[in-house]
């Protein structure tokens, strides 16, 4: 089957036409990755860092064409795409720096003790190593940062895993530009071409065939719950089980406490409307649920949110499917109080209602949020407890209020990967302390993140070397510590050589 | 249904009779764990360390009764049980020390930068926190170290997770003694009783009901592939996906290269027979596959293995089911050359034969190993490539041989969690550098280990705190670093306070 990208603003078909990858093509790309895996995993960290830096430079060299094409295919404004481009090359360089420094590999050395009784203690050395070829499925809403050259690819390559990207069918041309930048860097580094592969496809079967392929050792996915769960089921049916990290979105609850509303209700309303309409509401961290306690401050806050939301101008959505989904999902919401029904939509229900209508807790991708009125703080707590897993959860409160509700933070810490005070969840930093993940159904495994340096941990596994001659060990584990890593030697962190 | 333990040596029924936990009982124990979870997760590290140390002391106080009962129920000799008891209390103390030191929590702090353009950078702090109640399924072959108070329980409690153990039906009395030691320690620490629970059951449904229970947030399992895969399927069908770490055994290949056999073939044969018959062959790291290259050294090695195996005295197996399984599985092996058919069994086949008969690659739990003759070193390499995921893989070679086969190590590193030079895989150290895990089907997730301090990582997830007042942060993340942890501050490892 062939397919094309479409001009996001006009719907017009964009050349060229793309063809769903055939089973033979998918097999060839995955086999290429398999064949490249050992050589790539064995490269020195500096080689992988150099590759990531070269990809960043290549992308910068293609910056204008890349942004132009992405603007056509996604409708995202050039200023946003410039920022996302900077973020994308920035995260490639962040992983390059992580790999150059090297301590992420968690090298551990338990030296031998030949005199131990009753049995001598063998020399054990352990570090994190590449898993093997990673299949990456990008998202339509971040055509750079969560796509072909995005965080999944950067973190997988950093660890030494070949990557096979299934390009998002909504931005195939943008994907091709990034793929060419990566391929050029791979070739220039003298690495096997199989270190990076890309397949196109609009048919779900392309994605499933890739996940089923025996050469694939892990999956990184960002997208809808429906697509994520379908790929997860395919992975679970493989003869060889592999790790799947799927980030499937969230409604990102915000709790606004009465004191905060009294103190700065209008500012919170402004921040909220900015956050849930940012990027036309097309972020997985978009706050889609706002909970407050009934009363005068909540009423004036609701009115302020309504007023500001009504004033929001329409934006271009990413593609026809997302736009249609937004229209359908918001039209389907019955028996809610509509506070704003323009380009940005705000509905309101009682907490009691929310807790018995699971459809109200479904993510609606687009400029929509739901205000929920709790009778009192006990009902607000009950609602917090009622929530399922989330990427983020936020509390707005005065200092005194925040201190007075430790129980709320305890519950939210259990429900979400990132908990915020007096902020908004959109805007995900790419840094060591970021956690972009959360309990199911936000992701398939709350123990991992897809953003920040810790994202590399999804695609590595520990290997223990017992009684190896020093020369046969990876450099990370050799006595002399030639890479100067922080290592756990005899249960003590040190950069010293062994013995 | 009721069931009893049996005297391993005589088959005689041991009092008392046990009853399968009812659904209501399972629910009560799991709900107790849920209710204890928040308070336990919030305890100071020193409280959890104290709990683990108290459990160790309580077990030591019950040592004689514990060993006596385990000897009856498992047939394991007292000397072995004394060693396993020491290992078990040792690993409780190891996790206590890990928690007291505290840096395992991987605290990361990215301070705010309010002057950053275009947007200010928020304060982000991230650490590993408890997942919630963990269901633990112990193994019959380690009634102490992989059972009620074993590594799964120790690592889960260390992180602040309540534990619900499903006692192994082959050693319920041993399990009760350990459970009482833990309960006593939990009560003495003033912790909620739900921090630890135990259910009995011989019917598989007890295990499945526990895995299905909504209060359970993670599963740790050690046992057979059949039972592990069944529990995995039950977990995968839950509405809320949870992490399952199941260690399901392995055949632990040993490659013996011709030079090593020429140099010390008799010693290797002796070590091999000791290793595969140790504990009556009832270890998940038992070497069940030995690969060599056809020739005179291989023939004399095979003869030496046969001779030593024939001399092995019969041992008492863990229970009637394991004994029957061993007899059945070894009797079912057709078209192999039997080198030893006494208490210890050794068969031999060609590598070509091995690679087309998948039943030969199945684990046979008990004193059995299979010698496989490769035509040449190319076929030996092909066989290595043919293997599925393993807990361990070993190479015996001279220094020159080991250096000459980097490709073999590369393949084995991909196949196994622990790779050994010139050793035997039985004897698993409990230490920071140990990796007891491996690619499927050895375990369900090669990224984790069930032995060693890193076992704690199975039962924790990162939580990021954005813009929190210092006083509301966990101590691990507070500016002053009151616990003195090694933390990643501004991407640099330090024990210094922030600012």
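Chains as they are written, first to last, in this note's numbering: chain U, 15 to 513; chain X, 15 to 513. Just so it is clear, CB atoms sit at the ideal spot from N, CA and C, and this is done for glycine as well.
In the DSSP annotation of this structure, residue 188(U) is not part of any beta strand (DSSP E); the continuous alpha helix (DSSP H) holding it starts and ends at 186-202. Within the stretch 425-442 of chain X, the residues whose Cβ lies closer than 9 Å to any Cβ of chain U are, in chain order, 425, 427, 428, 430, 431, 432, 433, 434, 435, 436, 437, 439 and 441.
At a cut-off of 8 Å between beta-carbon atoms, residue 157(X) makes no contact with chain U. Annotation: residue 197(U) to residue 495(U) spans about 33 Å, alpha carbon to alpha carbon.
Between residue 286(X) and residue 301(X), the C-beta gap is smaller than 8 Å, which places the two residues in contact. Under a criterion of Cβ atoms nearer than 9 Å, no residue of chain X is adjacent to residue 262(U); the nearest Cβ is some 11 Å distant. In the DSSP annotation of this structure, the continuous segment of the beta strand (DSSP E) that includes residue 351(U) starts and ends at 351-355.
Nearest to residue 431(X) by alpha-carbon distance, out of 143(U), 71(U), 98(U) and 84(U), is 143(U). DSSP places residue 259(U) outside any alpha helix (DSSP H); the residue lies instead in the beta strand (DSSP E), whose first and last residues are 258-261. Annotated three-state conformation of residue 92(U) is helix, per DSSP.
Ranking 122(X), 335(X) and 95(X) by CA distance to the CA of residue 156(X) puts 95(X) first. For residue 478(U), the nearest CB of chain X lies under 8 Å from its own CB, placing it at the interface with that chain.
DSSP places residue 131(X) outside any beta strand (DSSP E), giving it a letter other than H or E. According to the DSSP secondary-structure assignment, residue 384(U) is paired through a beta bridge with 303(U) and 361(U). Looking at the backbone, the Cα of residue 460(X) and that of residue 452(X) are separated by about 5 Å. Under the Cβ criterion (8 Å, minimum of three pairs), the stretch 326-338 of chain X counts as touching the stretch 352-359 of chain X. Contact annotation: in the stretch 130-154 of chain U, residues whose CB is within less than 8 Å of a CB in chain X are 132, 133, 135, 136, 138, 139, 140, 143, 145 and 146.
In the pairwise beta carbon analysis, the stretch 478-497 of chain U is classified as not touching the stretch 504-512 of chain X: fewer than three pairs are separated by under 8 Å. In the DSSP assignment, residue 167(U) falls within the unbroken alpha helix (DSSP H) covering 165-173.
A straight-line Cα-Cα distance of about 6 Å links residue 303(X) and residue 383(X). In its chain, beyond the 5 residues on either side, no residue has a beta carbon closer than 6 Å to the beta carbon of residue 131(X). Distance from the Cα of residue 76(X) is smallest, within the candidate group 120(X), 15(X), 187(X) and 45(X), for 187(X). Taking a C-beta cut-off of 7 Å against chain U, none of the residues of the stretch 202-232 of chain X qualify. Here the C-alpha atom of residue 191(U) lies approximately 46 Å from the C-alpha atom of residue 306(U). For residue 69(U), no beta strand (DSSP E) run applies; the uninterrupted alpha helix (DSSP H) run containing it begins and ends at 59-75, by DSSP. In the three-state reduction of the DSSP assignment, residue 84(X) falls in the helix class, which pools H, G and I. DSSP, read as helix, strand or coil, puts residue 264(X) in coil. At least one CB atom of chain X sits nearer than 8 Å to the CB of residue 124(U).
The residues 118 and 467, in chain order, have a CB closer than 6 Å to that of residue 112(U) in the same chain once the five nearest residues on each side in sequence are set aside.
Against chain U, a Cβ distance below 7 Å from residue 445(X) picks out 124 and 138. With its beta carbon at least 8 Å from every one in chain X, residue 58(U) lies outside the interface. Within the same chain, Cβ atoms closer than 6 Å to the Cβ of residue 181(U) are found at 189, 212 and 214, the five residues on either side in sequence being excluded. In the structure shown, residue 230(U) adopts coil according to DSSP, grouped into three states.
A straight line joining the alpha-carbon of residue 296(X) with that of residue 17(U) spans about 57 Å. Of all residues in the stretch 481-507 of chain X, only 481, 482, 483, 485, 486, 500, 502, 505 and 507 place a beta-carbon less than 8 Å from a beta-carbon of chain U.
Judged by their CB atoms, residue 478(U) and residue 138(U) are nearer to each other than the 8 Å cut-off.
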